[in-house]
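Written out below as structure tokens is the structure these notes cover.
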Amino acid sequence: MASSLLMRLSLRTSSNQLPNITQRTRCISQRLPAPSSFAPSPATPATPPTMSDTTIEAAKRAAAQQAVRDHFDPTASNVGIGSGTTIVYVVEAIKEASTNPAIRFVPTGYQSRQVIIKAGLTPIAFDSLPEDTLLDVAFDGADEVDLELNCIKGGGACLFQEKLVAERARKFVCVADYRKKQDRLLTFWPTIPIEVAPLSVPTVLRSLRTLGSTNPKLRTTLLEKSGPLKTDQDFFIIDAPFKSLLIADDVKAGKGKGDGSDGTWEVNRLSEAIKALTGVLEVGIFSGLNGPDAEALRSTDGVRTVTSGQKPVAVYFGMADGQVELRTAKQ
Ligand SMILES: O=C[C@H](O)[C@H](O)[C@H](O)COP(=O)(O)O
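What follows is the structure, encoded as structure tokens:
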């Protein structure tokens, strides 16, 4: 439904504004160390990034500032705030742009709530929102984004609450650095994160192998004695590698069936297949409708739901050269 429109926005971030990168937080950093990020999948050889952490942090900040300039309305009522390291720059930019204490910020987990509080903004729990209320906008990071704006999320073990919040927003805006900008999912980011009930781990692992995942693994902590990593829901995360995923246009062009039967998976089909496994709470693929698509369905077809789309309307990529590139959904 959506494709990409690429714009280059000239924006430079001064390196003397960079944060102390040793203080970066990930979704789970308060409790557990992050998984190894950006290890290329053996099945999908890729060139690892050679840029420094400083360049990456500058890219995240530049993208966050542009995204907030374009999509944060200081008169908004409710704004969703995602998890990870990039969202810290989004909150920083919102704080600079907003003096309105009436705005309520909906976090997507423990780390997200801490970021909101530390910025002096007002958090409100997702389940305290009045049931017919949509968020004006939700901002979040991503681990990888394809040409149709499908995303992989959950690299920091946050995905369930992130999906709840994205689906509750009129529009979901994604912010990421250049490493996440790919044509297809699972090009550089190696696995699909999946949140599962602890009891179901062996069954889900077996089912994922049946679906074609080469070596799905339960995510552990660096401290072996601490056991598997636990999410904000006290569930576990399985990281499942698959071959690079097809987009809908690939299936239309005959590049594969996309239903797994010929070894190819299209993003939405794989997401549905994984979500259907008993024991899976949520899958870290954000695909399908975006907010405006869902709103159009509501108004034209009378679909009665406050659930919106889970795909972003726009993704801001901070590039290594200091510019920001934008991919937007096709109108
Ligand atoms: O689990 C974590 C979330 O999905 C993050 O939004 C995602 O991993 C991107 O995180 P970061 O901004 O740290 O790269």
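In terms of the UniProt record's numbering, the sequence shown has 254 at position 254, counting the first letter as 1, and numbering is strictly consecutive. Note that CB positions come from ideal geometry on N, CA and C, so glycine has one too.
Check                                                                                                                                                                       : Outcome
Just to confirm the assignment, what range does the alpha helix (DSSP H) spanning Asp-91 have?                                                                              : Per the sequence shown, the amino acid found at residue 91 is Val instead of Asp. Per DSSP, Val-91 belongs to the alpha helix (DSSP H) from 86-97.
When you compare only the Cα positions, how much space is there between Ala-76 and Tyr-110?                                                                                 : 23 angstroms
Can Thr-264 and Leu-246 be called in contact, C-beta distance under 8 angstroms?                                                                                            : yes
Would DSSP call Lys-225 helix, strand or coil?                                                                                                                              : helix
Between the segment 161-173 and the segment 309-326, do three or more beta carbon pairs fall short of 8 angstroms?                                                          : yes
Is Lys-230 near ligand 1, in the sense that its beta carbon is under 7 angstroms from a heavy atom of that ligand?                                                          : no
Where in the segment 224-256 do unbroken runs of the alpha helix (DSSP H), each at least 4 residues long, occur, reported from the N-terminal end onward?                   : 248-252
Tell me Gly-156's beta-bridge partners as DSSP assigns them.                                                                                                                : Its beta-bridge partners do not exist; DSSP assigns none.
Note the first and the last residue of the continuous alpha helix (DSSP H) segment covering Asn-290.                                                                        : Per DSSP, Asn-290 belongs to no alpha helix (DSSP H) and is neither H nor E.
Flag Ile-87 as yes when its Cβ comes closer than 7 angstroms to any non-hydrogen atom of ligand 1, and as no otherwise.                                                     : yes
Determine the DSSP secondary structure at Phe-72, reduced to helix, strand or coil.                                                                                         : coil
So, for Lys-171: in the same chain, excluding its five sequence neighbours on each side, which residues have a beta-carbon less than 6 angstroms away from its beta-carbon? : Val-137, Gly-291, Val-313
Is it buried or exposed for Asn-100, if we count other Cβ within 10 angstroms and need 16 for buried?                                                                       : exposed
What three-state label does DSSP hand Ala-197 in the structure shown?                                                                                                       : coil
If you draw a straight line from the alpha carbon of Lys-181 to that of Trp-189, how long is it in whole angstroms?                                                         : 10 angstroms
Which whole-angstrom value is the C-beta distance of Val-175 and Gly-141, which I expect to be below 8 angstroms?                                                           : 6 angstroms
Compute the Euclidean distance between the alpha carbons of Gln-233 and Val-280, then round it to the nearest angstrom.                                                     : 12 angstroms
Would you kindly work out how many angstroms separate the C-alpha atoms of Ala-125 and Val-106, rounded to a whole number?                                                  : 6 angstroms
Measuring only from the beta carbon, is Ala-240 closer than 7 angstroms to any heavy atom that is part of ligand 1?                                                         : no
Could you check where the alpha helix (DSSP H) with Arg-113 kicks off and where it finishes?                                                                                : 110-118
Under a three-way DSSP split, which group does Ile-21 fall into?                                                                                                            : The predicted model places Ile-21 with a pLDDT of 27, which falls under 50 and marks its position as unreliable; any figure quoted below should be read in that light. Of the three classes helix, strand and coil, the one that applies to Ile-21 here is helix, per DSSP.
Please confirm if the segment 222-240 is in contact with the segment 182-202, defined as three or more CB-CB distances below 8 angstroms between the two stretches.         : yes
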